[in-house]
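Peer 1:
2 protein chains.
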Amino acid sequence: MKPYIEMTNEELHEEFKVMDREYKKFQAMDLNLNMSRGKPCREQLDLSMGMMDALSSDADLSCEDGTDCRNYGVLDGIHEVKVLMGDMMENNPDNIIIYGNSSLNIMYDTVSRAMTHGIMGNTPWCKLDKVKFLCPVPGYDRHFGITEYFGIEMIPVPMTPTGPDMDLVESLVSSDSAIKGIWCVPKYSNPQGYTYSDETVRRFARLKPAATDFRIFWDNAYTIHHLYDDRQDHLIEILAECKRAGNPDLVYKFASTSKITFPGSGISALATSLNNLEDIRRQLVHQTIGHDKVNQLRHVRFFGDISKMVEHMRKHADILRPKFEAVEEIFEKNLGGLGIADWTKPAGGYFISFDGLPGTAKRIVDKARKAGVILTGAGATWPYGRDPQDSNIRIAPSYPPIDDLKLAAELFTICVRYISIKKILENRAEEA
Amino acid sequence: MKPYIEMTNEELHEEFKVMDREYKKFQAMDLNLNMSRGKPCREQLDLSMGMMDALSSDADLSCEDGTDCRNYGVLDGIHEVKVLMGDMMENNPDNIIIYGNSSLNIMYDTVSRAMTHGIMGNTPWCKLDKVKFLCPVPGYDRHFGITEYFGIEMIPVPMTPTGPDMDLVESLVSSDSAIKGIWCVPKYSNPQGYTYSDETVRRFARLKPAATDFRIFWDNAYTIHHLYDDRQDHLIEILAECKRAGNPDLVYKFASTSKITFPGSGISALATSLNNLEDIRRQLVHQTIGHDKVNQLRHVRFFGDISKMVEHMRKHADILRPKFEAVEEIFEKNLGGLGIADWTKPAGGYFISFDGLPGTAKRIVDKARKAGVILTGAGATWPYGRDPQDSNIRIAPSYPPIDDLKLAAELFTICVRYISIKKILENRAEEA
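Top to bottom, those sequences are chains H and U. Position 389, counted from 1, in the first sequence is what the working numbering calls 565; the numbers after and before it change by one each time, with no gaps. Position 259, counted from 1, in the second sequence is what the working numbering calls 435; the numbers after and before it change by one each time, with no gaps.
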């Protein structure tokens, strides 16, 4: 089929009728499918059921140094879980604080602490007239949610397949001392699945911020979340690179086992410089006596070491890979060559980023919803939920069973074609 | 023996020699005992080992409404754990948010949110020139730690066996709009073990604060933590009382299972009015996707219902009661009638509050430490760690094995007598 843009109005009307018929077929199926969030599916959760037996009533719940994990104490995590998370994050255990079940919560708390107390002796952000964050777009809605909640002005920075537009990042960060942070998902990015190139990471580590309390918020959520054994992205480890560049305190790095064991019942961690850790511990000691050490021990006993965790991730990949490939195949089959859509083909992570024609995303999501398929809200990948092009949609293939997923993807492509035809015809009418 | 104050200097010197000999005997024992924190002992932790088998790898980890507890979601807790915690807290499950493993963390977050965003539309506290909290004294050091960390001015209010001095509380709260909160441990208070009287609770519920964003921070940490079956304190439920008094939004109430199952691996909860809950959920949605539901389910499956939890608490009491009684017996035997000390005899909770002569607490704690017994730092029970009388010491009998505890209590009383004699002699010398 030729690109829509090359079709005559008559041809488009004809094609529209076909799409309308197809859409109605799907509508008649009374679907109830959800592709909106990066949720693991049941088969993935089943992979970690052994966790439930990792600690039994006759187990010794002491950790290696003899601490009884059942009692109070150990503010920043037991040593063996720091080792495990350190191996996963490629960081020295000494640079790590283990938190509770949610890395989002660490990020929120990190921003909140900067608001009320400032970073390493700098003015608390709540005392400043203006605080700004750079937001690579499209990006992760929950990141933007935190900064929006704290009244931080968000400045979009375009993403590219090698990472954020670094010319722009460098120029903004070095010239505006109100810019205090940047949200990054550096590996298998949300939603594109892009991984920052070596050059991008090196440039991040060499930033010369106008603000001494500028920090990179490095959410390495998908560090070992590959889809392929042979085709894996590699990301330069940012803490080490910052240290080499003489900028050791520049970055807060976040990770969790949410998409390794159980979302909501995993272990999260922050890795950063010793200076930053000292700054954070001064606050943490007032916030908690310590996070859940029994769950930390459970994770250590379940995995043993990083090699088992990597093996475990291969099983996740075996479940996720066919889903990503099914979506990509259906997109290619139904949308390839029509000139109305682009999408990413990630080698890891949880999302595919879809771009339709300008002004179609909201209507596509709406159209799909009316046939029973819930997608991430259009605009969600932009600060304030406002995609200026109204073109980006995040596709989350992980949760639905594969047959449902195929149905949802088929329906989605029909919605894309349906709305794109309408949009092209509208554009032509306006121009006429 | 007659009161020290009635002794001549010669008699006191003689007594001092005896105490010095006794002290040196203890010192020679090379003790290493800790009575500093309200930590459950190993036998108490063993009571909850069944928790580890409550969910096994072949268990269905779905909750009653079908939600898979292993996956993301459920911001404020699964229903059945709200019911269980509601029964424990005497609150409607609809008034409850379940949090993570630490009620201290909820309190911290509650103050932090008020700092950055204000309470129910009021000015964020960080934008105000002055924010003050009332602090019943002696009180809980970690409460004071939170308010001190946020730069909130702390005003001590004397505690009495029926609760804080309510004349003073009413007068301060109604006249000063900078007063935004009061820290309360209303039942088996930390450190006295006092329970607020009915009148005190009624007066709390009827406060007419000058500040519309004044809140009572009601840390009901020891709600079912009785030491006796037949001698239990009863506390009027504050949310219901506030509602009856037409002040439904006046209180945030906190509780946890930290001293029921495992400290650090329990469930914490906030109970408050629906208005307050709505205010809080607007923030919580940015902070987390949800707390650990698997651990919530684990608690529900382990206990079943509140009657089992109460039964479980009887077993805790059976371990703790002899420890409290041993300490009280030794105090009575060694200090009774000497006119140098008072102490409380709680029917629940984790602490005994000890008051020595003015100007002795620091030296007693120091003296005990030098013989290998760690007590809570003198002053810890006061804001900023400053006990103006230097007389109060918190005694925590729960953690040491009972034989160690008896040794520690014996040593403590020797230190009290030793330091008290010195102090009396010093006072006499000064007056002379």
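Note that beta-carbon positions come from the ideal geometry of N, C-alpha and C, so glycine has one too.
Which residues of chain H have a Cβ atom closer than 8 Å to the Cβ of residue 445 of chain U, listed in chain order?
Peer 2: Taking the first residue of the second sequence as 1, we reach residue 445 of chain U at position 269. Going along chain H, no residue has its Cβ under 8 Å from residue 445 of chain U, so there is no contact; the nearest lies around 15 Å.
Peer 1: CA-CA distance, residue 379 of chain H and residue 299 of chain U?
Peer 2: Looking up residue 379 of chain H in the first sequence gives position 203. Looking up residue 299 of chain U in the second sequence gives position 123. Spanning the two alpha carbons is a distance of roughly 41 Å.
Peer 1: Strictly under 8 Å for the Cβ-Cβ distance: is residue 452 of chain H near chain U by that measure?
Peer 2: The residue labelled residue 452 of chain H in the question sits at position 276 within the first sequence. Output row for residue 452 of chain H: interface = no.
Peer 1: Determine, using beta carbons only, whether residue 610 of chain H comes closer than 8 Å to chain U.
Peer 2: Residue 610 of chain H falls outside the range modelled here, since chain H spans only 177 to 608, and no answer is possible.
Peer 1: Compare the C-alpha of residue 222 of chain H against each of U/218, U/219 and U/237 and name the closest.
Peer 2: Translated into positions along the first sequence, residue 222 of chain H becomes position 46. Of the candidates U/218, U/219 and U/237, the one whose C-alpha sits nearest the C-alpha of residue 222 of chain H is U/237.
Peer 1: Using a Cβ-Cβ distance under 8 Å, would residue 560 of chain H count as near chain U?
Peer 2: Position 384 of the first sequence, counted from the start, is the residue given in the question as residue 560 of chain H. Not one chain U Cβ lies under 8 Å of residue 560 of chain H.
Peer 1: Taking 8 Å as the CB-CB cut-off, is residue 470 of chain H touching chain U?
Peer 2: Within the first sequence, residue 470 of chain H is the residue found at index 294, counting from 1. For residue 470 of chain H, the answer is yes, since a Cβ of chain U falls inside 8 Å of its Cβ.
Peer 1: Assuming the contact rule is C-beta atoms closer than 8 Å, residue 407 of chain U and residue 547 of chain U should be a hit. Round their C-beta distance to whole Å, please.
Peer 2: Stepping through the second sequence from its first residue, residue 407 of chain U is reached at position 231. Stepping through the second sequence from its first residue, residue 547 of chain U is reached at position 371. The pair is not a contact, with the Cβ atoms about 34 Å apart (cut-off 8 Å).
Peer 1: Tell me which residues share the same chain as residue 177 of chain U and place their Cβ nearer than 8 Å to its Cβ, disregarding the 5 neighbours each side in the sequence.
Peer 2: Here residue 177 of chain U is taken as the residue at index 1 of the second sequence, counted from 1. Only 513 and 514 meet the Cβ criterion.
Peer 1: Beta carbons nearer than 7 Å to chain H: which residues of the segment 269 to 285 of chain U have them?
Peer 2: Hits within the stretch, in order: 276, 277, 278, 280, 281 and 284.
Peer 1: Per DSSP, which residues does residue 558 of chain U bridge with? Please list them.
Peer 2: Along the second sequence, one-based indexing puts residue 558 of chain U at 382. Looking at the DSSP assignment, residue 558 of chain U forms no beta bridge with any residue, so it has no partner.
Peer 1: Can you tell me which residues form a DSSP beta bridge with residue 518 of chain U?
Peer 2: Residue 518 of chain U sits at position 342 when you count from the first residue of the second sequence. Beta-bridge pairing links residue 518 of chain U to U/531.
Peer 1: Can you list the beta strand (DSSP E) stretches of 3 or more residues lying completely in the segment 563 to 596 of chain H, in chain order?
Peer 2: Here the runs fully enclosed are 568 to 571.
Peer 1: Closest to residue 306 of chain H by C-alpha separation, out of H/289, H/326 and H/573, would be which residue?
Peer 2: Position 130 of the first sequence holds residue 306 of chain H. Nearest option by C-alpha distance: H/326.
Peer 1: So the alpha helix (DSSP H) residue 350 of chain U belongs to, where does it begin and stop?
Peer 2: Looking up residue 350 of chain U in the second sequence gives position 174. Residues 342 to 351.
Peer 1: CB-CB under 7 Å to residue 292 of chain H, same chain, minus the five flanking residues each way: which ones, in chain order?
Peer 2: Looking up residue 292 of chain H in the first sequence gives position 116. Correct list, in chain order: 300 and 302.
Peer 1: What first and last residue would you give for the beta strand (DSSP E) that runs through residue 210 of chain H?
Peer 2: On the first sequence, position 34 is the one that residue 210 of chain H refers to. Residues 209 to 211.
Peer 1: Which class does residue 286 of chain H belong to by DSSP, given the choice of helix, strand or coil?
Peer 2: Here the question's residue 286 of chain H lines up with position 110 in the first sequence. Three-state result, residue 286 of chain H: helix.
Peer 1: CB-CB under 6 Å to residue 434 of chain H, same chain, minus the five flanking residues each way: which ones, in chain order?
Peer 2: Position 258 of the first sequence, counted from the start, is the residue given in the question as residue 434 of chain H. So the list reads 442, once near-sequence residues are dropped.
Peer 1: Since residue 439 of chain H meets chain U, which of its residues come closer than 7 Å, beta carbon to beta carbon?
Peer 2: One-based indexing of the first sequence puts residue 439 of chain H at position 263. 247 and 248, listed in chain order.
Peer 1: Using the C-alpha atoms, what's the distance from residue 602 of chain H back to residue 608 of chain H?
Peer 2: By 1-based counting over the first sequence, the position of residue 608 of chain H is 432. By 1-based counting over the first sequence, the position of residue 602 of chain H is 426. Cα to Cα, the separation comes out at about 10 Å.
Peer 1: Using alpha carbons as the reference points, say which of U/592, U/259, U/358 and U/211 lies closest to residue 198 of chain U.
Peer 2: Mapped onto the second sequence, residue 198 of chain U falls at position 22. Closest by alpha carbon: U/592.
Peer 1: Could you check whether the Cβ of residue 370 of chain H sits closer than 8 Å to any Cβ belonging to chain U?
Peer 2: Sequence index remark: in the first sequence, residue 370 of chain H carries index 194 (1-based). It does not: the Cβ of residue 370 of chain H has no partner Cβ on chain U nearer than 8 Å.
Peer 1: Which value, in whole angstroms, describes the spacing of the CA atoms of residue 586 of chain H and residue 569 of chain H?
Peer 2: As a position in the first sequence, residue 586 of chain H is number 410, starting the count at 1. As a position in the first sequence, residue 569 of chain H is number 393, starting the count at 1. Rounded to whole angstroms, residue 586 of chain H to residue 569 of chain H spans 15 Å at the Cα level.
Peer 1: Does the segment 225 to 236 of chain U come close enough to the segment 476 to 492 of chain U that 3 or more CB-CB pairs lie under 8 Å?
Peer 2: Yes, the segment 476 to 492 of chain U touches the segment 225 to 236 of chain U.
Peer 1: Could you please tell me which residues of the segment 193 to 224 of chain U, in chain order, have their CB closer than 8 Å to any CB of chain H?
Peer 2: Residues 213, 215, 216, 218, 221 and 224.
Peer 1: Considering only residues of the same chain and omitting the five flanking positions on each side of residue 355 of chain H, which have a CB-CB separation below 8 Å?
Peer 2: Indexing the first sequence from 1 puts residue 355 of chain H at position 179. Once the five neighbours on either side are set aside, the close Cβ partners of residue 355 of chain H are 308, 309, 310, 331, 348, 349, 385, 386, 387 and 390.
Peer 1: Can you name the residues that DSSP bridges to residue 428 of chain H?
Peer 2: If you number the first sequence from 1, residue 428 of chain H lands on position 252. According to DSSP, which records beta bridges pairwise, residue 428 of chain H is partnered with H/393.
Peer 1: Beta strand (DSSP E) containing residue 309 of chain H: first to last residue?
Peer 2: The residue you call residue 309 of chain H lines up with position 133 of the first sequence. That run of the beta strand (DSSP E) goes 308 to 313.
Peer 1: Let me confirm a value: residue 351 of chain U is counted as buried when at least 16 other C-beta atoms fall within 10 Å, else exposed. Which label applies?
Peer 2: By 1-based counting over the second sequence, the position of residue 351 of chain U is 175. It is exposed - the Cβ of residue 351 of chain U has fewer than 16 other Cβ atoms within 10 Å.
Peer 1: Quick one: which unbroken alpha helix (DSSP H) runs of 4-plus residues sit fully inside the segment 440 to 485 of chain U? Chain order, please.
Peer 2: Counting only runs of 4 or more, we get 450 to 463 and 469 to 479.
Peer 1: I'd like to know if residue 462 of chain U contacts chain H, where contact means its C-beta is closer than 8 Å to some C-beta of that chain.
Peer 2: Position 286 of the second sequence, counted from the first residue, corresponds to residue 462 of chain U. Yes, residue 462 of chain U counts as interfacial toward chain H.
Peer 1: Report all residues from its chain with a CB closer than 7 Å to the CB of residue 499 of chain H; omit the five preceding and five following residues, and keep chain order.
Peer 2: Sequence index remark: in the first sequence, residue 499 of chain H carries index 323 (1-based). For residue 499 of chain H, where only same-chain residues beyond five positions count, the Cβ hits under 7 Å are 573, 574, 578 and 581.
Peer 1: Spell out the partners DSSP gives residue 225 of chain H in its beta bridges.
Peer 2: Stepping through the first sequence from its first residue, residue 225 of chain H is reached at position 49. None; residue 225 of chain H has no bridge partner.
Peer 1: Does any CB atom of chain H fall closer than 8 Å to the CB of residue 466 of chain U?
Peer 2: The residue given as residue 466 of chain U occupies position 290 in the second sequence. With 8 Å as the cut-off, residue 466 of chain U counts as an interface residue toward chain H.
Peer 1: Check whether the Cβ of residue 238 of chain H lies closer than 8 Å to any Cβ atom in chain U.
Peer 2: Position 62 of the first sequence, counted from the start, is the residue given in the question as residue 238 of chain H. It does not: the Cβ of residue 238 of chain H has no partner Cβ on chain U nearer than 8 Å.
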